[in-house]
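This report refers to the structure that appears directly beneath it.
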Amino acid sequence: MHYNDIPKRVRRYLTTTRRQFNRLPHQAQKILLDAAWREYARERRDRVVESIPVDDSSFTIRLSKHRRSTTLRGRSYPWKSLVLTIDLGGYIITEDNLQSFAEYMDLIRDAYTDNGYTPYQYTFFGGGYVFNTRPNASDVILRLTDKLDEYEESFVLSTAIIRLRKGRTSRTLDQGLVAGYGEGIPRSLGNGFWALSLTKSRTKCILNAYVSWMLYRSVTLDEVIMGDFTEYNKLKDQCNTHLPVGLLSIADIQEMTPHEYRVIYQVDSLDDITPEDTVESCMYLYARNHVELVIHEQYLHDTTVVQLAKLAGTTFLHVIDPKTPKTDLVDIIVADVESYREELSNKSHRHVPYLVGVYSETLGFKAFRGEDSVIRCLDYLTGLSGDNVIWFHNGGRYDTHLFLGPIMDICNGDLMNPLQILDVNGKLVQVRLETINGSLTIRDSCSIIPGSLARLAADFGCTNKLDDVDILNVTREDLMNSPKILEYNQVDCIALYEVLTKYQDSTLKVLGSNPLHHVSASSFAKTLFYSTYYNVRKYPLYRLSQTVHEFISRGYQGGRCEVFKRGKFREDTRIVPYDFTSMYPAAGKKKVPYGKPKYVSNLEYISSLAMDAYLEDNPGFYEVTVVHTPRDKLPLHGVYQDCRYIFPYITNSGGHVIFSEELRKGLSIGYTYVLHQGYTQPLAPICRKFFKDLFAVKKQASAEGHKAQEYTAKITVNAAYGFFGFNAYDRPVLRAYGKSMEAHLEALADNGQVHYREEGNGFLAYERTNVPLEDINVAVAAAITSYARMTLWELLQDIKDHGGILYYCDTDSVYSNIDIAKHPVLGPKWCGNNGGKDLGGLKRELADDEYISKACFVGCKTYGYITMEDVPNPKPKYVVKSKGTDHIKPLGKRMHGESKEEYTRREKAKQKEYKTMYKAISGLLDGPCEFKSSSIVVSRMHKVTKDMDIVDKTITKTIHGVYTKGIIHEDGTVTPLDLSPEHPVEW
C-alpha cells in the first residue's frame, strides 16, 4: 500500500509521515490505517453537519424474541435474545445521508434498551455482502465509508439487523474475570503467537495486557519490548486514574474504555485465531490466576521478535533477600474439638462436634457444649480484641474443617477474598479472618511440631492425655453432660498449651528464633536459614523463572524404594537392617547450585571423553539421552513410569534431566550419555554450616537429656531442605471468595478451571493456581535429593561387591545379609567410629545382638519380619509395614512417667496385633488378600460435595501384592527392567 492510495480526508489522521508510512511493513500500515479510519469516523460523528434526514416511511421493522439457555457444567442459565430486523427496501447510502443513517440505527437501538437488554451487534446486508459492526454510530460510519469508497460514493443496503440480549451468557461472565500475579516474562505459544507479559504484577496484569494491546495496535509496542517503557508507563498511569485500587477485572477495563476482546483459557484455542484477530480484538490469555496478551510476530519487527525470544529466556526473577528472625514471644491460645460419631451405615460415621474447649494462661479454660458449640466458640473467639492465633493439633485435617462453614457464615461477603486460606495438599494449614476487633487466625500445631499429642506431651514432660476415656465411641449425652469428657478435653488443651510453650522457649534458647510466628516447620526452617546462615553477597540464591523451575523439577525426584529379593526367608539367613542418620541433611552439606542459571544448548558435540571435564567446569542440570547402562552395576538413575519411580537399565532413551554430579558418577561407572541442553550454575556448600549446627544441637541435647531441645532441632533439621523445592506452580488450592466474585468463578467454571459452591456469605472454590512465593529455589532441593540417592546407590553397590545379598531398600535404609558395622571394610567406611550416629553415618536399626530371623518382602512399603536375640530362649518380636491398610503403629520408646510393667503390657498387646498382621502380609505372596482400611474423609471441592462434613469410613481392600518395579525370577531375585525406545517398559 502507498500513502497516495489513502483518501485525503483520512490521511491527516495518520500518526506517521508519508516517508515513514511507505517504509513500514504491510501489517503495520494496516494497523495505522484502521486507527486513522476510526478517528475519522469518530470526529465525523461528533461534528455538526448538514445531513439529509432518513426517510423511513418505506422501512418495515420486525421484532422477534427468543429464549435461550447457556449450559455451564450441567447447570442451565436462561437468557433472552431480542432481534430487530429492518427491511430498508433498497436504501441508498451516500455521503449526504451517512451520518443521519448511523444516528437512526442508534435511535432504534436505544428504544429497546430500557428493559435491561444490552445491544451487542449490528448486521448489514447489501451489494452481495454481509458485514457486522459494533452497536454504535461511530462503527457504522467507519464501515459504510469503506463501502462508499469501494462503490464510488453510493451503496445500496437491503436489510439491517440490531441484536440485543438480557441475562447470563459466557460473554457477560468473562467480564467478571479477575487476575493478578505474573512474572513479567513473555513466552512463545508456537506458530508465531506469543503470550506477552512484560512487567511483574500482583494486581494489574489485566491492565498490563490492555495497555500492551493499545500500543500493539498503534505499532509502538516494539519500542516497549526493546526496553523503552516511556509510552507504556504514560498510558498505564492515565488508565490508573480511572480504575479502582487492587485487583482488576475485565469489566473495570471495559467500563473505562469499551473495546473488543476475547478471553482464551486453553492454548489449544489458538487454532481458530488468525494473526489479524490479535489486532482487531484484545486477546486475553488466562492461566492460573494470571492474564497475558496474545500477539503475533507478524506485526512486529524482526529485531523485536529476536528480543522477545531473549526475554523469554530469562532464567530468574530476582535475588532472594535475607530475612530477619522473629524473637518476640507469642500469646498462645489452644483449642480442641470433640465430636459424636453419628452412624450413617455400619461402615461409616459422620463427625458432629458437640464440645469445643479453649485454653490459654490468661483466658483460662472455656468450654462450649451442644450442637451449636462451634458457633458459640467462634462468637467468643471473634469477640477477643487484637490479632489472635488459635492452635488446633491436627486441625488442618480435622478441627479447622469443622470451623470453616461457620466462619464463612460470619465473614464479610463484600470483600473479594473474605478469608485467607492456606491449603497444602488438602491440609488447611492456616485460615485467617478479619474481625471488628482485629483478626482471628486458626493454625495447625501439627504442621509446626508433628507427632501425636500423647507422644509430644510424654517427650516434653507435659500433662499427659487421659487414657481411660474411649473418646472414639463416646455418646452424644456424655459429650453434652459428662464431667469426665469435659476433663478429657481440658487436659488435651492444657497438654497442647504446655507443649507449644516449651517448644517456643526451647527453640528461642537454642536457635534464637520463634517458630510460632510460622505456619509450618518448613517455613520456620526457611526463615532460620535465610536469617542466620545465608550469605547473599558471596553465595546469592535466585528465585528461578517458571521455565527454569519446571525444567529442573524434572530432575527433582524422591527416594529409592525397591525389592531385590521377593518372598519368604527363614532361619538359614540372618538379615540386618541399617539406616542413615539424617541422610538428607548430610547430603545438604555438599556443594549445591547457587547464582544465576545460564542456559546452554546444542551440546551434542561433547564427546564421552570430554564430558566429565565439561560437567566439572559447568555444573548444573542437563537434559540428556542415556545411551548405555552398565549391566554389571545396579542402575543409578531413576525414571517415573506409570506412577512408579523405577531404576531400570536404560538404552538410547532421551528426555532425562539429571544433576551434573550424578552424570559424573554415571560416567565413572560406565554410563554413556549425549548432552542436549541445560542450565549451569556454580556449586558451593552454602548449607553446610546450617545443617551441621542443627545436627550438633540435636546431638548435644540428646546427650544431656533435654527432650524439648532435641525435638526442636530434630524437627527443624528434617524440614530444612524441603522448602527449597516447594512447587509454586499449578497447585490445587482451596480459596474463599466474596459475593462479587460470582461472575469470575462462573467464567472459570465454564471453562473447566475451577469447582466451587456457595457457602455462607461467599463461595468456596477448589482451583489450580500459581502461588506467589519469592524465596524458593528447586535447584538446591534437587541437588540434595540427587546426592542422597547417589549415597544409597554406593552403599547398595558396596554390599553387592562384597558378596552380600540385598533384600530391600527404602530411601535411607537397606536390608541385607551383611552386618555392616562388623564388616572389616564396610564398617569403617559407612559406620565410622561412633556406630553411625554422626551426621550421615550408617547405624544398625536393631540392638547389637539382635537380627531378623524370618522375613517376607512383598513390595514397596509392604513387608514384615521377626527379630531374635543371640541369647538362650529368645523371644521373637514382630514388625510389619503395610501401606494402604490399617497397619499397626510402632510402640515407640517408654513414655514419660510410664513404669516398666505398664510398657511391657502394652508391648505384649502390640505383638499380638503384629503377629496376626505378619501372617496376613505373608499370605500376599500366595495370592490376593483382603485388608481393612479406615480413613477420615474431609469433603473437598473437587469431589463436588454440598457440605463440609467429616466422615470416617472403614472399607475392605483387596490387595494383590504384585511387584512391578522389576523382573521377578523363580528364586525371588528381582532384576531391573529394560527401558529403551523399542521397550518403553518391560516386565
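Residue numbers (our numbering): 107 to 1093.
For glycine and all other residues, C-beta sits at the position ideal for the given N, C-alpha and C.
Residue i and residue j closer than 8 Å at C-beta
| i | j | result |
| --- | --- | --- |
| Glu722 | Arg660 | no |
| Leu989 | Glu668 | Inspection of the sequence shows that residue 989 is occupied by Lys rather than by Leu. Result no, Cβ atoms of Lys989 and Glu668 do not sit closer than 8 Å. |
| Tyr405 | Ile359 | no |
| Leu1031 | Cys937 | no |
| Pro428 | Ser445 | no |
| Val860 | Leu851 | yes |
| Asp515 | Asn867 | yes |
| Met320 | Ser846 | no |
| His743 | Gly784 | no |
| Val1080 | Phe670 | yes |
| Thr1064 | Glu1036 | yes |
| Lys804 | Ile775 | no |
| Lys798 | Leu945 | yes |
| Leu534 | Leu525 | no |
| Leu562 | Ile554 | no |
| Val884 | Gly828 | no |
| Ile681 | Tyr913 | yes |
| Tyr226 | Arg168 | no |
| Gly232 | Leu263 | yes |
Among the options, the one whose alpha carbon lies nearest that of residue i
| i | options | result |
| --- | --- | --- |
| Pro141 | Thr326, Asn203, Lys533 and Ser714 | The amino acid occupying residue 141 in the given sequence is Ala; Pro does not appear at that position. Checked all of Thr326, Asn203, Lys533 and Ser714; the closest Cα to Ala141 is Thr326. |
| Leu190 | Gly1067, Glu1036 and Asp216 | Asp216 |
| Ala473 | Ile752, Glu593 and Trp497 | Glu593 |
| Val537 | Val495, Asn518, His499 and Asp576 | Val495 |
| Trp143 | Leu572, Pro241, Asp252 and Gly196 | Asp252 |
| Gly761 | Glu767, Val732, Arg794 and Asp748 | Val732 |
| Pro1087 | Lys960, Asn876 and Ser759 | Ser759 |
| Arg841 | Gly463, Ile821, Thr822 and Glu873 | Glu873 |
| Leu932 | Tyr684, Ile764 and Ala885 | Tyr684 |
| Ser766 | Ala814, Ala692, Asn452 and Ile890 | Ile890 |
| Ser629 | Leu879, Arg168 and Val642 | Leu879 |
8 Å CB neighbourhood of residue i in its chain, flanking five on each side removed
| i | result |
| --- | --- |
| Thr122 | Leu130 and Leu138 |
| Gln126 | none |
| Ser249 | According to the sequence shown, residue 249 is Arg rather than Ser. Taken in chain order, the residues that qualify are Phe230, Phe237 and Thr239. |
| Glu366 | Arg240, Glu386, Ser387 and Cys388 |
| Gly618 | Pro431, Thr433 and Thr638 |
Residues near residue i in its chain [Cβ-Cβ closer than 6 Å; skip 5 each side]
| i | result |
| --- | --- |
| Asp881 | Ile426 |
| Met332 | Gln413 |
| Ala826 | Ala631 |
| Asp584 | Ile591 |
| Ser260 | Ile198 and Thr200 |
| Arg456 | Glu448, Leu450, Asp1055 and Val1057 |
Close Cβ partners of residue i (< 7 Å) along its chain, the five nearest in sequence each way excluded
| i | result |
| --- | --- |
| Thr430 | Ser637 |
| Thr735 | Pro741, Tyr755, Ile756, Thr757 and Tyr777 |
| Val154 | Summary for Val154: the model assigns pLDDT 48, below 50, so the residue's position carries little reliability; its value from the coordinates is reported in the next sentence. Closer than 7 Å at Cβ, skipping near neighbours: no residue. |
| Lys600 | The amino acid at residue 600 is misidentified as Lys; the sequence shows Ile. Cβ neighbours of Ile600 beyond the five flanking positions: Tyr465 and Thr569. |
| His407 | Asp328 |
| Asp245 | Thr239 |
| Pro646 | Val425, Tyr700 and Gly701 |
Proximity test, residue i beta-carbon vs the ligand GTP heavy atom, cut-off 7 Å
| i | result |
| --- | --- |
| Val495 | Among the ligands in the structure shown, none appear at all, so the ligand GTP cannot be discussed. |
Task: Meets three-Cβ-pair contact criterion under 8 Å: the stretch 845–862 and the stretch 899–911 - done: no
Q: State whether the stretch 418–430 contacts the stretch 698–709, with contact taken as three or more CB pairs (one from each stretch) at a distance under 8 Å.
A: yes
| request: Could I get the ranges of all uninterrupted beta strand (DSSP E) runs contained in the stretch 324–410, with 3 residues as the minimum, in chain order? | output: 367–370, 388–392 and 397–402
Would you list, in sequence order, the uninterrupted alpha helix (DSSP H) runs of no fewer than 4 residues that lie entirely inside the stretch 816–892? 848–856
3 or more residues per run - each beta strand (DSSP E) lying fully within the stretch 433–476: 439–451, 454–466 and 470–475
Would you call the stretch 381–396 in contact with the stretch 278–294, where contact means no fewer than 3 C-beta pairs closer than 8 Å?
yes
On the three-pair Cβ rule with 8 Å, is the stretch 822–841 touching the stretch 972–983? no
May I ask you to verify whether the stretch 297–305 touches the stretch 345–352, counting CB pairs closer than 8 Å and requiring at least 3?
no
For this session: Would you check if the stretch 604–617 and the stretch 553–572 touch, i.e. whether three or more CB-CB distances between them fall below 8 Å?
Result: yes
- Item | Sequence ranges, beta strand (DSSP E) only - wholly within the stretch 185–232, length at least 3 | 224–232
task: Scan the stretch 760–799 and note each continuous beta strand (DSSP E) run of 3 residues or more that stays entirely inside, going in chain order.
output: 778–786
Query raised in the report: Do the stretch 713–729 and the stretch 798–813 make contact, defined as three or more Cβ pairs closer than 8 Å?
Result: no
task: Taking 8 Å as the threshold, find out whether the stretch 706–721 comes into contact with the stretch 915–931 through three or more Cβ pairs.
output: no
Length at least 4, wholly inside the stretch 639–688: the alpha helix (DSSP H) runs in chain order: 652–659
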